[in-house]
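Remarks on the structure that follows.
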Amino acid sequence: MTCFTPLADLLAREKPLLLPVAHDALSARMIERAGFAAAAIGGFGIIGCRTGLPDLGLASFGEISTAVRDIAAATGLPLIVDGDDGYGDVKNVVRTLRTYEEMGISALVLEDQVSPKKCGHAAVTREVVPVTVAEKKIAAAVAARRRPDLAIIARTDARLVEGLDAAIDRGHRYIAQGADALFVEAPTSVEELERIGRSFTVPLIVNAAEGGRTPVLTPEQYRELGFSIILYPATLLLRMVGLFERTLAALRRGEFADEGPLPAFQTLTSIMDMDAWMEIDRRHA
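My numbering numbers the first residue of the sequence shown as 122 and each following residue consecutively.
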């Protein structure tokens, strides 16, 4: 089960904090086995893997929270969870916060897009709500949490809608409402990253989205620009899909693709805790 750990404690252990994004329970367990200090859960991967649909607001809170619950139950890592826009008004924001708080997550990301929200790096049009609406959602989440060290991370998508100045202004206003960290989505250059880094003193998140709008840099380069948390939203998914494509193309020809050494079947069952479950069977069956 996920281990609640305050965001400040995670950043004290590792800065920048590297967060691969899990799309299901198996990927979360593999992130844990690889030695990462924490993991993130994003709507893009969950929706794509569970439904085959794009991240365009097509999945409900019930669908996504069920997936998050599965992941949280499968890993001992602290989790930072994408809460989209809170799935409605301030009442829905509070329900979202409390649902995830009961699961033991360490941080919740809330964004300011108009519903239905859209992937921050996709080539689609998007809108943001009036800043006062987003401020009220952040304030509602801050007031509703029963665990005061559960971090509220404010995300703004205003960069691609209103420009960088507006995005920075929104960031300051969200922090004034009690947000513990900030995520300015989709800056398009190193210069913009540098300006964001200079503008804030709270922990800052950057999306290292391969093929996205934001420059993909090394962790040290992001740290020097002022970013404390690095999300890798599609790194696992892209490689999984690429491997599947090559493997299936070869299999269609009646061959096995040469992808280098494969894990032993026992490694797969170990990730699934096969031995622990079989011990229960041996003791009690």
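Note that the Cβ used here is the ideal one computed from N, Cα and C, for glycine as well. In this text, all values refer to a predicted model and were calculated from it rather than measured experimentally.
In the three-state scheme derived from DSSP, where H, G and I count as helix and E and B as strand, L200 is classed as strand.
A distance below 7 Å between beta-carbons, with the five flanking residues on each side excluded, links L346 to the following residues of its chain, in chain order: L314, E315 and G318.
By the beta-carbon neighbour count (other beta carbons within 10 angstroms, threshold 16), T217 is buried. Beta-carbon to beta-carbon, D286 and E232 are separated by about 19 Å, too far to satisfy the 8 Å threshold. Going by beta carbons, G197 and T123 fall inside the 9 Å limit. For E306, the three-state secondary structure derived from DSSP is coil. Setting aside the 5 residues that flank it on each side, D205 is surrounded in the same chain by G164, E232 and K238, each with a C-beta closer than 7 Å to its C-beta; the list follows chain order.
When DSSP states are grouped into helix, strand and coil, P340 belongs to the helix group. Counting along the chain, A161 sits inside no alpha helix (DSSP H); it lies in the beta strand (DSSP E) bounded by residues A160 to I162.
Between the beta-carbon of I226 and that of V202 there is about 5 Å, and that keeps the pair under the 8 Å contact cut.
With respect to the C-alpha of A260, the residue from D210, M151, A243 and D290 having the closest C-alpha is D210.
Contiguous alpha helix (DSSP H) elements confined to the segment 126 to 189 occur at 128 to 134, 146 to 154 and 164 to 172, taking only those with 4 or more residues. Using a Cβ distance threshold of 9 Å, A329 and I296 do not count as a contacting pair. In this structure, E256 is the residue among P384, E256, E283 and L338 with its C-alpha nearest to the C-alpha of Q298. When C-beta atoms of the segment 259 to 273 are compared with those of the segment 358 to 372, fewer than three pairs fall below 8 Å, so the two segments do not count as touching. For E248, the secondary structure class from DSSP, reduced to helix, strand or coil, is coil. Relative to the Cα of I152, the nearest Cα in the group L200, K136, R134 and P384 belongs to L200. DSSP places V235 in no beta strand (DSSP E); its state is neither H nor E. Per DSSP, reduced to three states, the secondary structure at I350 is strand.
Taking a contact as a CB-CB distance under 8 Å, the pair V327 and Y343 counts as one, their CB atoms being some 6 Å apart. The Cβ atoms of A180 and A146 lie no closer than 9 Å to each other.
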